[in-house]
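Some notes on the structure that comes next.
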Amino acid sequence: MTFFEMTGTVIRSLFKKPATLMYPVRPGKKSSLSRGHVTIDPENCILCRSCQRKCPTGAICVEAKEKTWQIDRLRCVVCNACVDVCPTKCLTMDTQYTPPMTSRAGIYRTPVAGPKKKAPAATVPAAPAAELAEE
Numbered sequence: 000m001t002f003f004e005m006t007g008t009v010i011r012s013l014f015k016k017p018a019t020l021m022y023p024v025r026p027g028k029k030s031s032l033s034r035g036h037v038t039i040d041p042e043n044c045i046l047c048r049s050c051q052r053k054c055p056t057g058a059i060c061v062e063a064k065e066k067t068w069q070i071d072r073l074r075c076v077v078c079n080a081c082v083d084v085c086p087t088k089c090l091t092m093d094t095q096y097t098p099p100m101t102s103r104a105g106i107y108r109t110p111v112a113g114p115k116k117k118a119p120a121a122t123v124p125a126a127p128a129a130e131l132a133e134e
């Protein structure tokens, strides 16, 4: 009986579309929910370390003194936790996958601007006391 079951499966497969894609020849379709790798907008990062604390694998390291943000792509599991917790939304999830690496040098370091310093409030010059007395 198993020979006939296998023959039936083979004959049905001849007339169906393949279940897999010819990946290297034709790239696969990516949905909007695809997760490729984490990217950062260094201009908006305030070095708050929320992403570092939330990362379950410890792939993100934020160094406030050196003003750098780094990620170890080999440790990152692309869980999106860092993107969700970022208060300034400077982290995003790119849909493109990280290219294959030939060595374990998967750490990407990005210089960050850091928190923007607020300009001191402009002071209004005080009117001389003589002018106030005349009015």
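Residue numbers (numbering that gives the first Met the number 0): 0 to 134. We treat Cβ as the ideally placed atom computed from N, Cα and C, and that holds for glycine. Just so it is clear, the structure is predicted and the values come from calculations on it, not from any experiment.
*Kindly confirm or deny that the stretch 97 to 108 and the stretch 26 to 33 touch, where touching means at least three C-beta pairs closer than 8 Å.*
Flag = no, the stretch 97 to 108 and the stretch 26 to 33 do not touch.
_CA nearest to the CA of Leu-171, picked from Thr-56, Gln-95, Trp-68_ = Residue 171 is absent from the structure shown; the chain starts at 0 and stops at 134.
*Classify Gln-95 as helix, strand or coil using the three-state DSSP reduction.*
Coil, per DSSP.
_Quick check on the DSSP output: the beta strand (DSSP E) that includes Arg-108 runs from which residue to which?_
DSSP places Arg-108 in the uninterrupted beta strand (DSSP E) bounded by 106 to 110.
*asked:* Considering only the alpha carbon of each residue, which of Tyr-96, Ala-63, Asp-83, Cys-44 lies closest to Leu-73?
replied: Nearest C-alpha to Leu-73: Tyr-96.
*Looking at C-alpha atoms only, which residue of Ile-10, Val-37, Thr-8 is the closest neighbour of Pro-98?*
Taking only the C-alpha atoms, the option nearest Pro-98 is Val-37.
_Is the separation between the beta-carbon of Thr-91 and that of Val-82 shorter than 8 Å?_
Yes, Cβ-Cβ distance for Thr-91 and Val-82 is below 8 Å.
*Please classify Glu-42: does DSSP put it in a helix, a strand, or coil?*
The answer is coil: DSSP assigns Glu-42 none of H, G, I, E or B.
*According to DSSP, what are the bridge partners of Glu-62?*
Glu-62 pairs with Thr-67.
*Please confirm whether Arg-87 and Asn-43 have their CB atoms less than 8 Å apart.*
At residue 87 the sequence reads Thr, which differs from the Arg that was named. Less than 8 Å divides the Cβ of Thr-87 from the Cβ of Asn-43.
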